[in-house]
Amino acid sequence: MRRRPVGLWIAAVAGYAFLYIPLIIVVVYSFNNSRLNAEWVGFTLDWYDKLAHNEEMLAAAGNSLLIALVASLVSTVLGTMAGVAMFRYPLRLLPVLVLTPIAIPEILMGVALLIFFVLLNFTLGLVSVALAHIAFCIGFVAIVVRSRLAGMDESLTEAARDCGATPLEAFRYVTLPLIMPGVIAGALMAFTLSIDDFVITFFTAGAGTVTLPLQIYSMIKIAVTPEVNAVSTLLMLLTLALIIMASRLAPSLLGTQEEKP
Amino acid sequence: MASRAPGRWGKWLVSGPPLLYLLIFFAVPTLIMALASFRTPGEFGGLAPLIDDTGALDLNVESYARFVAEPVYAQVFLKSVWYALLTTLACLALAYPLAALIARSPKKYRNLLLLLVILPFWSNFLIRIYAWMIILGPQAALVRSVNGILGAFGMAPVSLLFSSFAVLACLVYVHLPFMVLPLYANLEKHDQALLDAAQDLGASAWQRFWRITFPLSLPGVYAGAALVFIPALGMFAIPDILGGPEDSLIGNVIKQQFLEARDWPFGSVLSIVLTVAALLLAGLAAWVGRGNLGTPSSAGESRA
Amino acid sequence: MKRLVLLLASLLFALPAGAAKDEFHLYNWNNYLAPETVKRFEEFCKCTVVQTYYSDNEELLAKLAAGAKGYDMYVPTSNAVQALIKGGRLKPVDKSQLTNLKNIDPIYLNTPFDRDNKYSIPYAMSTTIIGYNDEKIRELGLPTDTWAVIFDPKHLEKVKGRVTVLDSANELFAAALKYLGYSANDVDPKHWDEAVAVIKKAKPYWAAFNASSYIKELTVGNIWLVHGYSNDIFQANLDAQEAGRKFKILQGMPKEGAVLALDNMVIDKNAPRADLALKFMNFMLEGQNSAELTNLIGSGNPNLAAVKFIKPELLKNPAIFPDKAVQAKLEQLQDLTGAQRRLRNKLWTGIKAGR
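Protein chains in written order, with our numbering: chain G, 1 to 261; chain H, 1001 to 1304; chain P, 2001 to 2355.
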């Protein structure tokens, strides 16, 4: 029998409201019959129509999605490894390397990475952007995974090893399910950071590379039209759909299946 | 025990790949820019050549001296620390109930509820801020009701837009998921049975929270605080778009060094100060909370 | 899980490999080239125009200073052109291929930034002036042809909290220096201190330093008076009319003078397709093509051959087409030396830190 405290419910609902009121404005204004994102004038589907013909914007959105998927995947894997390693072993260098990208101002990191890529004569493009995103996302995943592990009982893993499991099996069947909520939380944060990044992307993008934030921020001094609201709304829905699909494809991994009795 | 792979080998296997990646794509580039803090700015932008006309290495500490000599930069820096602190505390207050609710819901809804928290943040940052400008704008309901209340007490009306309040509200908004997610990851593993037992023994709701839930959740609190405070310190876009004339933060000053002032060495100095300060504060918080975090060695002691 | 990985991997390999041959990489301001013009140029040169965008000269300069390459052409403002020339990043322009160069008004050629136009060709221009809500300003009886309305507390009292200025040290200092009667390019530190004093006295009345969302607020009616760019103010008026507002957004050219921003086409030293860049330059020097941009965003046009293609109401606007008297008072901003930039940034940080 669960006792549901009313106060908690009210506070949580207030929290969701705080999160969603601006979003509702964003979605509603994508139907706004005004070039500006400033006040409601009238209803129109024009912006969605414009968007359907705006190859540049659509390509930018596609690039952003692709980079975010790749970057969040790789940084989740590397970040989980880092989080586990930081918990299990007394390391000195890795915690610093993991935490510093979060602290360092983006513009410094962006300029530094550009100089670095140029020195290596590495062609700038989608790949350079993805590499940059992974670098700053690893830390977020690692910190969450590590905090999830904090105070966790290693005896379970030991028991598995004693029963003859290899380290990999012990990780896959014992540790990973236990830390999965932390891994998912980290992956979601990494995806969010990547899909909306501007500063680092600006410096590491190649001559023909456009991501959605780059496209949108370049409009900042003119007008950020509701076309941007439209593409954002669609991108959100698309990403939601992708994630729901993914959770159906790999339910046991993500822990979304029903609890077994 | 002999059948186990030696601990050291396992350590490199797990920590190796992220370490290597970060060394290549983070440490090296950053060291290049850290070195830049000792160089002279290029006359038209960028950096002056490392080897100057006389063939000597052109390194100096001029930029560091400037930071020390001109107190205005330290003032802006302290203001940013204050804003980041307020943001972190507000995020904590707002995020805790959300994370707790999600952690306590039936398992099949948890990931969905979590997704719902982060979904708004997959829309573009700029238009979310513009949405806030609409919410805080002079014509909107919020400001008018606030001013109505103030007017009832005979106080002058305020403008919510282009103010510190607007900057803080948006800072909290933008960083909220980064507090919710780590808190959730921690609260999710709390055993409800503990709380039920406490309730049976007569503990009030507040006591259950303050003496059981909160201490157990401290690792999540610290993780969330780090993931909010540190990025919030370097924020510049929000003050740029809806800040008032005095809401310039250290992130804005650093950006100006790389853009308008074209003074990369000084920008590098300010960045290094910011980064070191952020890491020190994070380290301090970790040290203070060490007893609650569960250090690695305590878990591995039985295996010596 | 495996299926997911395979799907992602296939997406990655589906990426087009390398740049196609006939691509012209243009790094430009957003909305600074009409889509019809792009299409016509693509037909003309049988190539693809790949445009990427920046929103500030300094962003362009920082990225180039860090070594970015792959661009054929960019469109910097004169002071940025100065920095690029001095930094040795531009390819000289082969003027023999620019048959349409004669279309440009000579007053915009052979400037101190680029004597003889060795590297840059004028593209479009704007002025930094005053924009205002005509209804409100008329009600309050404020002047609109002087910088005093932005800087003098006597006027500012009436519009407290309804004024924004540009978030640009260069632009605001220029306006303050002009207000004080000096040249916008004055580098005397004493004069700069005077400008700082003027700014600090006026600051309490300003709502914000803003270069991005001020136009929106002006159009909606939250802000009544701005220090802004002529193109933006022109566009704000169009938006206000479209939204059915009772007021108009008008441009005010201060009698003390203002900053003229002339944007130029330049070719990157290592441009992969400098030939396409030259073709584009000549193409944009044709009257009709040049006029399309002006008709789209209300930008000033240095091209005399474009006049007959431009909408009449734009031609009459002194902020878009300044007459000789106004032209005499407009100044283009010069690039500052490293030491000057450092001083200015220190003063600017002091202004914005609230001390």
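C-beta: ideal position from N, C-alpha, C; glycine also.
Rounded to whole angstroms, Met-1235 (chain H) and Phe-18 (chain G) show a C-alpha spacing of 21 Å. Distance between Asp-2022 (chain P) and Cys-2047 (chain P), taken at the CA atoms: about 5 Å.
Three or more beta-carbon pairs separated by less than 8 Å link the segment 2133 to 2152 of chain P to the segment 2164 to 2178 of chain P, which places the two stretches in contact. About 30 Å separates the Cβ atoms of Lys-2246 (chain P) and Glu-2171 (chain P), ruling out a contact at the 8 Å cut-off.
With contacts defined as CB atoms closer than 8 Å, Pro-105 (chain G) and Ser-1271 (chain H) qualify as a contacting pair. Per DSSP, reduced to three states, the secondary structure at Trp-2147 (chain P) is coil, with no helix or strand assignment. Considering only beta carbons, no part of the segment 1067 to 1081 of chain H lies closer than 9 Å to chain G. Using beta-carbon distances, Ile-138 (chain G) counts as an interface residue toward chain H, with a partner under 8 Å. What Arg-1128 (chain H) touches in chain G, judged by beta-carbon distance under 8 Å, is Pro-22, Leu-23, Val-26, going in chain order.
Excluding sequence positions up to five before and after Val-228 (chain G), its CB lies within less than 6 Å of the CB of Ile-216, all in the same chain and listed in chain order.
Taking a Cβ-Cβ cut-off of 9 Å, Ala-2184 (chain P) has no neighbours in chain H, whose nearest Cβ is about 16 Å from it. Ser-128 (chain G) sits away from Phe-136 (chain G), with the two beta carbons spaced by 8 Å or more.
The residue among P:Phe-2024, P:Ala-2258, P:Asn-2270 with its C-alpha nearest the C-alpha of Ala-2325 (chain P) is P:Ala-2258. At the C-beta level, Leu-1119 (chain H) and Met-236 (chain G) come within 8 Å of one another. For His-1175 (chain H), the three-state secondary structure derived from DSSP is helix.
In the structure shown, Phe-191 (chain G) adopts helical secondary structure according to DSSP, grouped into three states. Chain G has no Cβ within less than 8 Å of the Cβ of Glu-2043 (chain P).
By the Cβ criterion, the segment 1248 to 1262 of chain H is not in contact with the segment 2226 to 2234 of chain P, since fewer than three pairs of Cβ atoms, one from each stretch, lie closer than 8 Å. Considered as a whole, the segment 2292 to 2320 of chain P harbours 2312 to 2315 as its complete alpha helix (DSSP H) runs of no fewer than 4 residues, in chain order.
Using a C-beta cut-off of 8 Å, the segment 1243 to 1251 of chain H makes contact with the segment 2206 to 2214 of chain P, since at least three inter-stretch Cβ pairs fall below that distance.
Per DSSP, the continuous alpha helix (DSSP H) segment holding Glu-2058 (chain P) begins and ends at 2057 to 2065. Within the segment 1026 to 1057 of chain H, Phe-1026, Ala-1027, Val-1028, Pro-1029, Thr-1030, Ile-1032, Met-1033 place their CB atoms closer than 7 Å to a CB of chain G, listed in sequence order. For chain H, the residues of the segment 2189 to 2216 of chain P that bring a beta carbon within less than 7 Å of one of its beta carbons are Lys-2203, Trp-2206, Ala-2207, Ala-2208, Phe-2209, Ser-2212, Ser-2213, in chain order. Identification of chain G residues near Glu-2059 (chain P) by a Cβ-Cβ cut-off of 8 Å yields Phe-202, ordered along the chain. Counting the other Cβ atoms within 10 Å of the Cβ of Glu-2292 (chain P) gives 16 or more, which makes it buried. In the DSSP assignment, Lys-2091 (chain P) is bridged to P:Ile-2267. Distance between Val-1269 (chain H) and Ala-1277 (chain H), taken at the CA atoms: about 12 Å. Taking 8 Å as the CB threshold, Ile-104 (chain G) stays off the interface with chain P.
Sequence-distant Cβ neighbours of Ile-1241 (chain H) in its own chain, meaning closer than 7 Å and more than five residues away, are Ile-1129. Only residues of its own chain outside the window of five on either side were considered, and among them Asn-1147, Leu-1150, Gly-1151 have a CB closer than 7 Å to the CB of Pro-1157 (chain H), listed in chain order. Of all residues in the segment 234 to 248 of chain G, only Leu-235, Met-236, Thr-239, Leu-240, Ile-243, Ser-247 place a beta-carbon less than 7 Å from a beta-carbon of chain H.
In terms of beta-carbon proximity, Glu-1246 (chain H) lines the interface with chain P, with at least one pair separated by less than 8 Å. The secondary-structure analysis by DSSP pairs Met-2284 (chain P) with nothing; it has no beta-bridge partner.
For Leu-234 (chain G), the closest of G:Leu-249, G:Leu-212, G:Met-219 by C-alpha to C-alpha distance is G:Leu-212.
Judged by DSSP in its simplified three-state form, Ala-2208 (chain P) adopts strand. In this structure, DSSP gives Leu-2177 (chain P) a helical state, which the three-state scheme calls helix.
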